[in-house]
Amino acid sequence: MTKNTKGYAAMGAKEKLVPYEFDRRELGAHDVALDVLYAGICHSDIHQVREEWGPALFPMVPGHEIAGIVSKVGTGVTKFKVGDKIGIGVFIDSCRKCSSCQRGLQQYCLEGMTGTYNGLERNGVTPAMGGYCDYFVINEDYAVHIPENLPLEGVAPLMCAGITLYSPIKHWDVGSGKKVAVMGLGGLGHMGVKFAAALGADVTVLSHSPGKKGDALAMGAHHFVDTSSEAAFAECAGTFDVILNTVSAELDINKYLNLLKLDGTLVVIGLPGKPYAVHVGSLLSGRRSIGGSMIGGIPELQEMLNLCGEKSIVSDVEVIKADYINEAYERTVASDVKYRFVIDAKTF
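My numbering applies: residue 99 is where the sequence shown begins, and numbers increase by one.
Here it is, written out as structure tokens:
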């Protein structure tokens with residue numbers, strides 16, 4: 099039978115989130131049910147609630163950074179057992195048969211991944227409700243194990259912010275012997291610093307907020323560059339193998355391209371409001387590249403969590419009660435959080 103679920107929802111575009119109750123689907127043979135314990139607040143939640151990325155589906159229960167404990171399993175489930183720590187990220191299903199899905203790259207499903215919220219489930223009828231709630235049901239293939247030694251509140255943001263940085267770090271082979279720069283030290287950027295440092299890279303943070311230098315170094319960065327100084331760009335020219343751009347604000351991307359070594363790559367991760375104006379000479383002069391990356395597939399998500407368990411890596415979080423969500427949204431927009439808000443699901 100379905101289960102009444104308590105959460106928070108936006109009832110319309112740009113409206114504040116309010117308490118909301120809804121029914122989760124019945125547990126299928128290959129489904130797992132979980133008691134949600136923590137749900138991270140991602141900036142993309144805010145964009146979608148406010149319809150800044152186009153028309154949205156309301157009522158909307160946001161949230162795709164979910165950590166909890168398995169409470170029930172379907173009759174055919176083999177991956178999880180009751181009591182397991184479990185994580186859910188940005189998507190809850192995909193076509194399973196295209197070339198991307200077959201490679202474990204479900205985020206690039208050729209038919210389109212099924213988002214955790216703000217859309218319909220794979221049946222094309224049921225609205226997908228996200229993780230700002232106390233209960234969730236998902237097919238076992240689209241959830242991951244959380245290592246026992248990790249605190250769930252610090253793990254929740256790994257389901258999006260963490261994998262969004264881990265995936266390009268792995269794809270562009272960031273590790274020992276590589277010089278990597280992370281643009282921006284926010285919810286995304288601070289995870290890039292932690293992963294790159296853990297994998298042995300020489301890590302530099304590029305930020306216009308000099309007050310974040312102490313945090314950057316404490317997270318494992320070896321260098322900090324204040325990009326509010328134009329002289330810094332000349333001093334760092336031709337320095338980096340890879341630059342991870344987590345900044346969503348509009349900026350002159352050519353200044354950063356010139357910081358790359360020969361054959362270096364600048365990976366776009368943040369989503370700016372307008373297209374970049376790229377001067378081709380910035381690319382030609384060093385055989386440089388611009389790449390892009392979007393979250394990660396289920397195998398890579400599990401690989402990331404395993405590394406986090408080995409290295410004791412979690413997100414820096416501020417845990418809040420559910421009735422603080424709207425204030426947390428405003429503070430997130432103002433970059434007034436170190437470095438991710440996480441909702442205590444017991445307060446729904």
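A virtual CB, placed ideally from N, CA and C, is assigned to each residue, including glycine.
CA nearest to the CA of residue i, picked from the options
{"i": "G260", "options": "H321, L382, S380 and I411", "result": "I411"}
{"i": "S169", "options": "Y233, C193, K112 and K436", "result": "Y233"}
{"i": "G395", "options": "C231, C334 and Y264", "result": "Y264"}
{"i": "A254", "options": "T430, G390, H306 and G185", "result": "G185"}
{"i": "A294", "options": "S274, C231 and L357", "result": "S274"}
{"i": "I388", "options": "L403, E401 and L357", "result": "L357"}
{"i": "A314", "options": "T176, Y437 and V130", "result": "Y437"}
{"i": "G368", "options": "D361, L360, L382 and L349", "result": "L349"}
{"i": "V130", "options": "Q146, L304, T176 and Y106", "result": "T176"}
{"i": "F338", "options": "A279, H321 and K311", "result": "A279"}
{"i": "G390", "options": "G181, L132 and W270", "result": "W270"}
{"i": "C258", "options": "V235, K276 and G187", "result": "G187"}
{"i": "V415", "options": "G181, A426, H321 and K409", "result": "A426"}
9 Å Cβ cutoff met for residue i and residue j
{"i": "Y215", "j": "M227", "result": "yes"}
{"i": "L89", "j": "I267", "result": "In this structure the chain extends from 99 to 446, so residue 89 is not present and cannot be described."}
{"i": "L283", "j": "Y136", "result": "no"}
{"i": "V440", "j": "E163", "result": "yes"}
{"i": "Y230", "j": "I423", "result": "yes"}
{"i": "F189", "j": "H243", "result": "no"}
{"i": "I341", "j": "L364", "result": "yes"}
{"i": "E246", "j": "K292", "result": "no"}
{"i": "F156", "j": "M211", "result": "no"}
{"i": "M281", "j": "T262", "result": "no"}
Buried/exposed call for residue i, threshold 16 Cβ in 10 Å
{"i": "V378", "result": "exposed"}
{"i": "T173", "result": "exposed"}
{"i": "Q462", "result": "What is shown of the chain runs 99 to 446, which leaves residue 462 out entirely."}
{"i": "R385", "result": "exposed"}
{"i": "V431", "result": "exposed"}
{"i": "V223", "result": "exposed"}
{"i": "A375", "result": "exposed"}
{"i": "N221", "result": "exposed"}
{"i": "P308", "result": "exposed"}
{"i": "S197", "result": "exposed"}
{"i": "A127", "result": "exposed"}
Anticipated Cβ contact below 8 Å, residue i with residue j, distance rounded
{"i": "L256", "j": "M402", "result": "7 Å"}
Taking one C-beta from the region 193–210 and one from the region 145–155 each time, how about it: are there three or more such pairs within less than 8 Å?
no
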